[in-house]
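Residue numbering for the sequence shown follows my numbering, starting at 90 and increasing by one per position.
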Amino acid sequence: MSLLMPCCQLVLPAVPTVMRLPVLVWSALCLSVVSCSGMVRMSWLERGTGVWGSIGRSALAVLVSVLAVSGIFPATASAIVGGQEVAQEYPWAVVVEHSGGACSGALISPRWVLTAGHCIVTERPGQAESDPGLDNPLRPADDFRLFIGSTVRYEGESRRANRLVKGPTGLDVGLIELDQASDKAPIQVAARMMPRSGQEAMLVGWGQVCEAKGCAVATTLKQLSLRLAAPASMSSGNELLTWPEDDPGQRAAKGDSGGPVIFQNDGRWELIGTLSGSGTTGDSPALKGLATNVSTLHNWLDAIAATTTPEADIWSVEFVLVLVLGAVVVIVVFRALRRSRRRRQPVMGPAAPVQRARDEDLEYMEQWALQRTGVEAYYEPGTAAIVATVMLIAGDGEWTRRKIGSLEDAIRFGNQRGIPVYEVFRTGYPQRKRDYDEQSRRPKTLG
């Protein structure tokens, strides 16, 4: 079992992302066909000590390992400090996880998730915590798992990343292209605007529930009410959304990065920013929450959306090959098990009772002959060789008969027991038998 997980981690990435679930389902189907075919009982999975017991346990172990690696059984990973649990559904809220940690995000179209730029890049050795590392290389896309549209961390719609895209130079924003379109409703990015000071907004995220190192992450989605301050200008000409974080019990925490900053417009939530973190700006040394104003990025978002990768066709050549190979494996195993079972099975069907009766007749005749002297065997041909009869006649004329098979069977019976065998139509019955029969027919007198 210790070798299964590394093997699955090496093999599964080679399977196209859109094909992983169908491949897993097909694997489970193949295992079920073999297990339930009637050729093998489930006991070989529990207590089998032979080759099929080992194969059964290994097959189940591989399947569970592949499912774990594929993200169907999610592992634990790294909320808003002082926030409130979300009381309503936010179908666009996204958990963004990778091997280096976790972030938050927002679904802005069926195939795209918007998050912070520093959430999708690698970290340099010795990189300062305040440095987002926006110029660092992108992480591998297949390192990401995303859970969409639930208020419970791992109960959302599960997706993998197909492609990562950095934001415009200097902006802490990034896009994640999903391997498959989400069925959840995306949030609309607000029209270009510059929020006024004092405007109410909401931060939504999945970060840690406290600021201490190693603090637990939120298992349920959290939100924090904000009152926006004056925006802060950047050297790139863009402006950051800011809000005061003078209350340490009410602020964003690690894991909230990329979380959506939203506000209500005519009773509908719209996305206005993605959380970058906390910091200070030139106009004030006070700690502030900082978010990229995404309402000014419509041109960039539209340009990236135009490059969306077409979803893979599930009936690709590779997938068809997987199906064919799986079918071949099932057929080969099924036929091998059937042949093995036939070799182990006793003779069944209509011939079995006949064989048992013949064996009983042979045993009876052998015992009868041992208890008498001068025994001879007379073969009586029947209408078919398999129902022909053999009569044993003792020295005193006493006789018995049974059906034991063909003439060859009768001769073999006699040779093995030292009994001469005659064919009745050639020799007739001996006189002593006729005398015995005549004596048997006479009425017996009472003495």
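Cβ coordinates follow ideal geometry from the N, Cα and C atoms, glycine included.
Determine the DSSP secondary structure at residue i, reduced to helix, strand or coil.
i, result
"methionine 454", "helix"
"isoleucine 500", "helix"
"tyrosine 35", "Since the first residue of the chain shown is 90 and the last is 536, residue 35 is not available in this structure."
"tyrosine 511", "strand"
"arginine 130", "Residue confidence for arginine 130 is low, a pLDDT of 43 falling below 50, so the modelled location carries little weight; the figure read from the coordinates is stated next. Looking at arginine 130 - three-state DSSP - the assignment turns out to be coil, as it is neither helix nor strand."
"cysteine 299", "coil"
"leucine 292", "strand"
"phenylalanine 233", "coil"
"alanine 321", "strand"
"glutamate 400", "coil"
"proline 226", "coil"
"threonine 381", "strand"
"arginine 285", "coil"
"isoleucine 361", "strand"
"arginine 340", "strand"
"glutamine 269", "coil"
"serine 429", "helix"
"alanine 446", "helix"
Over the uninterrupted beta strand (DSSP E) stretch that includes residue i, give me the two end residues.
i, result
"valine 262", "Valine 262 -> no beta strand (DSSP E), and no H or E assigned at all."
"isoleucine 351", "349-354"
"tyrosine 179", "It is not in any beta strand (DSSP E) - tyrosine 179 carries neither H nor E in the DSSP assignment."
"proline 257", "That residue, proline 257, is in no beta strand (DSSP E); it is neither H nor E in DSSP."
"arginine 491", "488-492"
"cysteine 192", "190-198"
"glutamine 216", "Looking at the DSSP string, glutamine 216 is not in any beta strand (DSSP E), and its letter there is neither H nor E."
"glutamate 465", "465-469"
"valine 479", "478-482"
"leucine 203", "201-204"
"arginine 316", "311-316"
"glutamate 334", "Glutamate 334 -> no beta strand (DSSP E), and no H or E assigned at all."
Which one of the options has the shortest CA to CA distance from residue i?
i, options, result
"threonine 489", "Ala466, Leu412 and Gly503", "Ala466"
"asparagine 327", "Leu386, Leu227 and Gly189", "Leu386"
"alanine 319", "Arg427, Leu379 and Cys192", "Leu379"
"valine 464", "Tyr511, Asn251 and Arg316", "Tyr511"
"valine 202", "Asp232, Pro349, Lys343 and Met282", "Pro349"
"leucine 196", "Gln528, Gly189, Ala205 and Ser188", "Ala205"
"phenylalanine 264", "Ile500, Val175, Ser198 and Pro180", "Reading the sequence as shown, one finds leucine at residue 264 and not phenylalanine. For the residues Ile500, Val175, Ser198 and Pro180, the minimum Cα distance to leucine 264 belongs to Ser198."
"asparagine 504", "Leu292, Glu455 and Arg521", "Glu455"
"alanine 191", "Asp232, Glu178 and Glu174", "Asp232"
"proline 399", "Leu315, Gln269, Gly245 and Arg242", "Gln269"
"glycine 287", "His207, Ser247, Asp450 and Leu330", "Leu330"
"glutamine 277", "Ala230, Asp355 and Ala477", "Asp355"
"glutamine 173", "Ala458, Thr309, Asp526 and Thr478", "Thr309"
"glutamine 312", "Gln460, Tyr179 and Ala477", "Tyr179"
Does the beta carbon of residue i come closer than 8 Å to any beta carbon on chain D?
i, result
"glycine 245", "You won't find chain D in this structure, because it holds only one protein chain."
For residue i, report the span of its alpha helix (DSSP H) as first-last.
i, result
"glutamate 527", "520-530"
"alanine 394", "387-394"
How big is the Cα-Cα spacing for residue i and residue j?
i, j, result
"glycine 63", "alanine 182", "This structure cannot settle anything about residue 63, because the visible part of the chain is limited to 90 through 536."
"glycine 238", "lysine 273", "6 Å"
"proline 221", "proline 257", "14 Å"
"isoleucine 420", "arginine 427", "10 Å"
"valine 306", "arginine 200", "26 Å"
"arginine 530", "serine 429", "57 Å"
"aspartate 485", "threonine 462", "8 Å"
"leucine 253", "asparagine 382", "20 Å"
"glutamate 497", "valine 418", "47 Å"
"arginine 234", "valine 185", "6 Å"
"isoleucine 482", "valine 422", "56 Å"
"threonine 211", "glycine 344", "16 Å"
"arginine 357", "alanine 342", "26 Å"
"leucine 267", "alanine 176", "27 Å"
"alanine 279", "cysteine 299", "30 Å"
"glutamate 359", "glycine 294", "15 Å"
"threonine 363", "arginine 228", "19 Å"
"aspartate 261", "valine 411", "41 Å"
"serine 384", "cysteine 304", "33 Å"
"isoleucine 393", "alanine 425", "54 Å"
"valine 413", "serine 188", "34 Å"
"leucine 223", "alanine 416", "48 Å"
"proline 558", "proline 275", "No information on residue 558 is available, as it lies outside the stretch 90 to 536 that the chain covers here."
"glutamine 297", "aspartate 391", "33 Å"
"arginine 521", "phenylalanine 514", "17 Å"
"arginine 351", "serine 367", "Checking the sequence, you will find isoleucine at residue 351 rather than arginine. Cα to Cα, the separation comes out at about 17 Å."
"cysteine 125", "tyrosine 243", "The predicted position of cysteine 125 is uncertain, since its pLDDT is 49 and thus under 50; no value can be drawn from it."
"leucine 317", "phenylalanine 408", "51 Å"
"proline 284", "serine 322", "13 Å"
"glutamate 246", "threonine 240", "11 Å"
"tyrosine 518", "arginine 445", "29 Å"
"phenylalanine 502", "serine 495", "11 Å"
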